[in-house]
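**Student:** Questions regarding the structure given below will be posed in turn.
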Amino acid sequence: MATEIIMPKAGMAMERGTIIQWLKKPGDRVEAGDPILEIETDKVSMEVEAETSGYILAVTHHEGEEVDVITTIGYIGEKGEVPPLAVDGLAPAGPAADGPAATAPESTEAHSRPRATPAARQLAREAHLDLASIRPGGKWGEVRRADVEKQHPRSTGSPRVSPLAKAAAEKSGIDPASVEGSGPGGRVLQQDILAVAKEPERAAPSRPLDSMRRKIAERMMESHRTIPPVTLNKKVDVTDLFALRKSLNRETSDSGEAVTLTPFLVRAAALALRDSPWMRTRLEGNMLTENPSVDIGIAVALAEGLLVPVLREADTLSLFEINSRTRELALRARERKLGIEELTGAAFSITNLGMYGISSFNPIINPPETAILGVNAAEDQLYLEEGMVRSRKVMTLSLTLDHRVIDGAQGAIFLQKLEGFLRNPVKLLL
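In our numbering, the protein residues as written are 444 to 873.
Next up, the structure:
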């Protein structure tokens, strides 16, 4: 019996996945554990392995398609085995025989409802077409999406375009797919392109959100709807911290791995969090959970969005261990090589916009976390000390709290602890 290949659910929050590449094609032999396709979620890219040995009988969803989790996307079975018919976009193993499609055994259902793949049914429904009027082209007598598109060109998302229309579209910078054709079967003609080109204005190009950006949007809207935030801003003198960092980098220049500002901030936050259990909590429904360990999420900006890898038990790591691990996490995040377990479970996050010269901002909490620290740029400011004007490096820290579970006073106490470590950075080396 054929074994289903399903879109895996890689984490509790995952709802959909996108097929990036099929590594095996119908007819290929696979062994249990072999990678057979690559998928992408809103957080990671990963390979899906075969759960059993056999042959790829069919793939039902193709590269570029976004699929709900636990959906069947293909079948593995014995050579020559026939996979189930009612699958989306069925691509059977091996070439179809010449001549008319095979006729399936008659049944009561066959008389009342034509055999068709779900994709064909959906397309026919959207185009208001009767499936019974479409000649099936599937190997087992089913109507495929391609059959609907072939016999009713107006139902396909790829309109037929005349050569003159194509040339006019290229010259005018117009996408023929956005033009309603006036020719037979919806064919786009030159006159259709020229008519659109004469329009005074055209709508700005639009595109659907990709899976990562859509997930970010959902999380931010959830945060906005459910969390009453309060942001506390505190200026911290980091003059000595910058001096210590400069000294450490001078001493370790031969190792080639400079210490960035991030490990100082993470180390200071970790030590402050260790003594502030109310700051490392997660609120899910009406259940408030205090994380037993200090697991800190560190935001990493990507071209297509944002990932927040988690540094586990950060309070047990030295400054140099944090420096090395945060570099590794950031690199793997940019390469989309993090596992789902490395992107979940934080109870507190840090986001840094200081490198962009930002002086202050209100970071948004990533639920179910209850707090996030925003790091701003360090600026030179003049202070009067003992009658003398002196220049000091000052950084503003922006701490956003979920006011349902953390009070302003508790946030202020945490910021005081954090400031103590940053003003006396030698403590971070202990």
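All residues carry an ideal CB built from backbone N, CA and C; glycine is no exception.
Give a yes or no on whether the C-beta atoms belonging to valine 679 and leucine 844 are separated by under 7 Å.
**Tutor:** No, these two residues do not count as a Cβ contact at 7 Å.
**Student:** Please classify alanine 501 as buried or exposed, where buried requires at least 16 other C-beta atoms within 10 Å of its C-beta.
**Tutor:** buried
**Student:** Among Leu825, Ala713 and Gly523, which has the Cα closest to the Cα of serine 792?
**Tutor:** Ala713
**Student:** For the stretch 452-523, list the alpha helix (DSSP H) runs that are entirely contained and at least 4 residues long, ordered along the chain.
**Tutor:** none
**Student:** Would DSSP call glutamate 747 helix, strand or coil?
**Tutor:** coil
**Student:** Would you check if the distance between the CB atom of proline 720 and the CB atom of glutamate 733 is smaller than 7 Å?
**Tutor:** For proline 720 and glutamate 733, yes; Cβs fall inside 7 Å.
**Student:** Go ahead and pull the three-state DSSP assignment for glycine 532.
**Tutor:** Residue placement at glycine 532 is flagged as unreliable, the pLDDT there being 42, under the threshold of 50; the coordinate-derived value follows with that caveat. Residue state for glycine 532 is assigned as coil, using DSSP reduced to three classes.
**Student:** If we count the other Cβ atoms within 10 Å of its Cβ and call it buried at 16 or more, is isoleucine 636 buried or exposed?
**Tutor:** Answer is buried; the Cβ neighbour count reaches 16.
**Student:** Report the rounded CA-to-CA distance for asparagine 676 versus serine 654, giving the unit in angstroms.
**Tutor:** 33 Å
**Student:** Let me check one thing: in DSSP terms, what residues is methionine 831 bridge-paired to?
**Tutor:** Glu828
**Student:** Is leucine 871 closer than 7 Å to arginine 710 when the C-beta atoms are compared?
**Tutor:** yes
**Student:** Only counting the same chain, and skipping five residues up and downstream in sequence, which positions put a Cβ closer than 7 Å to that of glutamine 633?
**Tutor:** The residues are Ser605, Leu607, Ala608 and Ala611.
**Student:** Does the count of Cβ pairs from the stretch 806-815 and the stretch 764-783 closer than 8 Å reach three?
**Tutor:** no
**Student:** Are the beta-carbon atoms belonging to alanine 563 and valine 525 less than 7 Å from one another?
**Tutor:** no
**Student:** Check whether the stretch 460-477 touches the stretch 499-518, counting contact only when three or more Cβ pairs, one atom from each stretch, lie closer than 8 Å.
**Tutor:** yes
**Student:** Give me whichever residues DSSP pairs with glutamate 733 in a beta bridge.
**Tutor:** Looking at the DSSP assignment, glutamate 733 forms a beta bridge with Thr724.
**Student:** Please name the residue, chosen from Ala773, Ile479, Pro752 and Met489, that lies closest to threonine 495 on a Cα-to-Cα basis.
**Tutor:** Ile479
**Student:** For the stretch 757-770 against the stretch 659-671, do three or more pairs of beta-carbon atoms, one drawn from each stretch, fall closer than 8 Å, so that the two count as touching?
**Tutor:** no
**Student:** DSSP three-state call for serine 555: helix, strand or coil?
**Tutor:** The predicted model places serine 555 with a pLDDT of 47, which falls under 50 and marks its position as unreliable; any figure quoted below should be read in that light. The answer is helix: DSSP assigns serine 555 an H, G or I state.
**Student:** Starting from the Cα of methionine 798, find the closest Cα among Asp573, Gly817, Ala620 and Asn867 and give me that residue.
**Tutor:** Gly817
**Student:** With a 10 Å radius around its C-beta and 16 neighbouring C-beta atoms as the bar for buried, classify valine 884 as buried or exposed.
**Tutor:** Outside the shown range of the chain, which is 444 to 873, sits residue 884, and nothing can be said about it.
**Student:** Hey, is the stretch 505-520 in contact with the stretch 450-464, meaning 3+ C-beta pairs nearer than 8 Å?
**Tutor:** Taking a cut-off of 8 Å for Cβ pairs, the stretch 505-520 and the stretch 450-464 touch, as three or more such pairs fall below it.
**Student:** Hey, how far is the Cα of arginine 770 from the Cα of leucine 754?
**Tutor:** 11 Å
**Student:** Which value, in whole angstroms, describes the spacing of the CA atoms of glycine 626 and alanine 620?
**Tutor:** Annotation: glycine 626 to alanine 620 spans about 14 Å, alpha carbon to alpha carbon.
**Student:** By alpha-carbon positions, which one of Thr794, Arg688, Thr787 and Ala715 ends up nearest to leucine 704?
**Tutor:** Arg688
**Student:** I'd like to confirm the pairing. Which residues does DSSP put opposite asparagine 676 in its beta bridges?
**Tutor:** Ser841
**Student:** Within this structure, are the beta carbons of alanine 820 and lysine 836 separated by less than 7 Å?
**Tutor:** no
**Student:** Who pairs with leucine 754 in a beta bridge, going by DSSP?
**Tutor:** Leucine 754 pairs with Ile739.
**Student:** Can you look up leucine 865 in the DSSP assignment and give me helix, strand or coil?
**Tutor:** helix
**Student:** Would the beta-carbon of isoleucine 617 fall within 7 Å of that of valine 639?
**Tutor:** When the beta-carbon positions are compared, isoleucine 617 and valine 639 come within less than 7 Å of each other.
**Student:** What do you reckon, are the CB atoms on leucine 574 and alanine 559 nearer than 7 Å?
**Tutor:** yes
**Student:** Going by C-alpha distance, which of Leu731, Thr839 and Val681 is nearest valine 869?
**Tutor:** Residue nearest to valine 869 within the set Leu731, Thr839 and Val681 is Val681 (criterion: CA-CA distance).
**Student:** If you run the structure through DSSP and keep just helix, strand and coil, what is lysine 780?
**Tutor:** coil
**Student:** Could you tell me if tyrosine 518 is buried or exposed, where buried requires 16 or more neighbouring beta carbons within 10 angstroms of its beta carbon?
**Tutor:** buried
**Student:** Three-state secondary structure (DSSP) at alanine 789?
**Tutor:** coil
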